[in-house]
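Engineer:
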Amino acid sequence: MVVEAGQVHGFLGPNGSGKTTTLRTLLGLVRPNGGRMRLLGYELPAHLPEVAGRVGAIVESPQFFGNFSGRRTLNLLATAGGVPKSRVTEVLELVGLRDRAGERVKTYSLGMKQRLAVASALLKAPELLILDEPANGLDPAGIREMRDMMRGLAASGVTVVLSSHILNEVQLICDSVTIISRGRRVAAGPVSQVIAAQDQGEWRVRVADHVKAAAIVAESGLSVTVNDDHFVVRNLTEPAQVTRTLAAHELWVSELTPLTPDLESVFLELTGTTPESGHHRQVDEAVQV
25 MVVEAGQVHG
35 FLGPNGSGKT
45 TTLRTLLGLV
55 RPNGGRMRLL
65 GYELPAHLPE
75 VAGRVGAIVE
85 SPQFFGNFSG
95 RRTLNLLATA
105 GGVPKSRVTE
115 VLELVGLRDR
125 AGERVKTYSL
135 GMKQRLAVAS
145 ALLKAPELLI
155 LDEPANGLDP
165 AGIREMRDMM
175 RGLAASGVTV
185 VLSSHILNEV
195 QLICDSVTII
205 SRGRRVAAGP
215 VSQVIAAQDQ
225 GEWRVRVADH
235 VKAAAIVAES
245 GLSVTVNDDH
255 FVVRNLTEPA
265 QVTRTLAAHE
275 LWVSELTPLT
285 PDLESVFLEL
295 TGTTPESGHH
305 RQVDEAVQV
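In this note's numbering, the protein residues as written are 25 to 313.
1. Should residue 55 go down as buried or exposed, given a rule of 16 or more other Cβ atoms within 10 Å for buried?
2. What runs of the beta strand (DSSP E), each 3 residues or longer, lie entirely inside the stretch 56-108?
3. Tell me which residues share the same chain as residue 138 and place their Cβ nearer than 7 Å to its Cβ, disregarding the 5 neighbours each side in the sequence.
4. Could you have a look at residue 180 and say whether DSSP puts it in helix, strand or coil?
5. Rounded to the nearest angstrom, what separates residue 94 and residue 154 at their Cα positions?
6. Assign residue 202 to one of three DSSP states: helix, strand, or coil.
7. From residue 188 to residue 35, what does the alpha carbon distance come to, in whole angstroms?
8. Please report the straight-line C-alpha distance between residue 41 and residue 203, rounded to a whole angstrom.
9. Leaving out five residues before and five after residue 107 in sequence, what residues of the same chain have Cβ atoms less than 7 Å from its Cβ?
10. On the premise that residue 30 lies in contact with residue 183, defined as a C-beta separation below 8 Å, what is that separation, rounded to the nearest angstrom?
11. Per DSSP, what kind of secondary structure is residue 263 in: helix, strand or coil?
12. At the level of alpha carbons, what is the spacing between residue 251 and residue 43?
13. So does the stretch 213-223 actually touch the stretch 260-271, counting three or more Cβ pairs closer than 8 Å?
14. How should residue 156 be labelled, buried or exposed, when 16 other C-beta atoms within 10 angstroms of its C-beta is the threshold for buried?
15. Shortest alpha-carbon distance to residue 197 belongs to which of 208, 172, 206 and 88?
16. Report buried or exposed for residue 227, applying the criterion of at least 16 other Cβ atoms within 10 angstroms of its Cβ.
17. Secondary structure at residue 190, three-state DSSP: helix, strand or coil?
18. Just to confirm the assignment: which complete beta strand (DSSP E) runs, minimum length 3, are found wholly within the stretch 215-298?
19. Let me know if residue 84 comes out buried or exposed under the rule of 16 or more other beta-carbons within 10 Å of its beta-carbon.
20. Is residue 53 helix, strand or coil when you go by DSSP?
21. For chain B, is any of its Cβ atoms less than 8 Å away from the one on residue 294?
22. If we ignore side chains and look at the alpha-carbon of each, how far apart do residue 280 and residue 166 end up?
23. Report the partner residues of residue 155 according to the DSSP bridge assignment.
24. Just the C-alpha distance for residue 112 and residue 136, rounded to the nearest angstrom, thanks.
25. Count the other CB atoms, across all protein chains shown, that sit within 10 Å of the CB of residue 321; report buried if there are 16 or more and exposed otherwise.
26. Quick test of your reading: residue 229 and residue 257, contact by CB under 8 Å. State the CB separation rounded to the nearest angstrom.
27. Measuring only the C-alpha atoms, how far is residue 102 from residue 261?
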């Protein structure tokens, strides 16, 4: 897995695929028994002390003292990390908690606790921010704020590694992705390229007599799948071929729509493959961020 500087990189995979274990290993919370890792140019785990101060992270569910306020929590962390107290106000503003900073953490919603966790990860003004499910518990407005914040951080030069199950958000936020399944990489690259690689040229066709129309199109040599009220043509490079073929039989097309895959459908397709099928691409066991 390679993450380029200044990007928002999505790290995706089903539950149990190894995402959190990989992130914990990068951060020195799990000792690896093999493979190679580089973080900000340094080999890990040998040089972790030299880069730890340049990395902010949330891995799994963070825990806070419920009776402390959000501001006091961050002040304590800032003191422990040698961070100026002025930074606390800055990160509270960044994550949208300024107006609730004086309230006890136990009164916070799950989404607010997630924002507090992100604020704690940003205290050191890190070059690299690693976030494991940062949108957990956020409402749609909160998710949008989180998206804007991550894009703003990337624009300012911070590299963000994001693990998330909200795939439509990943598609909006991320420049590139790595998808893993059962501990192996199954896809990696710019989001648009990963999606395009799974595009099978499918088109949805609606006609009054769709069963008859599907049979005619299939006879012309195209791959056709019949559904309840339409049919789908696969590997279609020239959509006009469908309209010409059906018009010759006086069947008139009411809909001809490209079924372009999104990241969610690509993810399900790639991670639903069984290991025995041979579609998994085993690569050198290395992580470079």
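Every residue, glycine too, gets a C-beta built ideally from N, C-alpha and C.
Structural biologist: In this structure, then:
1. Exposed: under 16 other Cβ atoms inside 10 Å.
2. Within the stretch 56-108, the complete beta strand (DSSP E) runs of at least 3 residues are 60-63, 66-68 and 79-82.
3. Cβ within range, chain order: 158, 160, 161 and 162.
4. The answer is coil: DSSP assigns residue 180 none of H, G, I, E or B.
5. Those two C-alpha atoms are separated by around 21 Å.
6. Three-state result, residue 202: strand.
7. Roughly 7 Å between the two C-alpha positions.
8. Distance from the CA atom of residue 41 to the CA atom of residue 203, rounded to whole angstroms, is 10 Å.
9. Closer than 7 Å at Cβ, skipping near neighbours: 147 and 148.
10. Yes, they are in contact, since the Cβ atoms of residue 183 and residue 30 sit about 6 Å apart, within 8 Å.
11. Here residue 263 sits in coil by DSSP.
12. C-alpha separation (whole angstroms): 37 Å.
13. At 8 Å Cβ cutoff, the stretches do not touch.
14. That one is buried.
15. It is 172.
16. Around the beta carbon of residue 227, 16 or more other beta carbons lie within 10 angstroms, which makes this residue buried.
17. The answer is coil: DSSP assigns residue 190 none of H, G, I, E or B.
18. Fully enclosed beta strand (DSSP E) runs of no fewer than 3 residues occupy 227-231, 247-250, 255-258 and 277-282 of the stretch 215-298, in order along the chain.
19. Answer is exposed; the Cβ neighbour count stays below 16.
20. Under the three-state reduction of DSSP, residue 53 is assigned to coil, being neither helix nor strand.
21. Among the chains in the structure shown there is no chain B, since it carries only a single protein chain.
22. Cα-Cα distance, rounded: 37 Å.
23. Per DSSP, 82 and 186.
24. Near 16 Å, if we compare the C-alpha coordinates of residue 136 and residue 112.
25. Residue 321 cannot be examined here, being either before or after the span of the chain that is shown, 25 to 313.
26. That pair is a contact at about 6 Å.
27. If you take the alpha carbons of residue 102 and residue 261, they lie about 58 Å apart.
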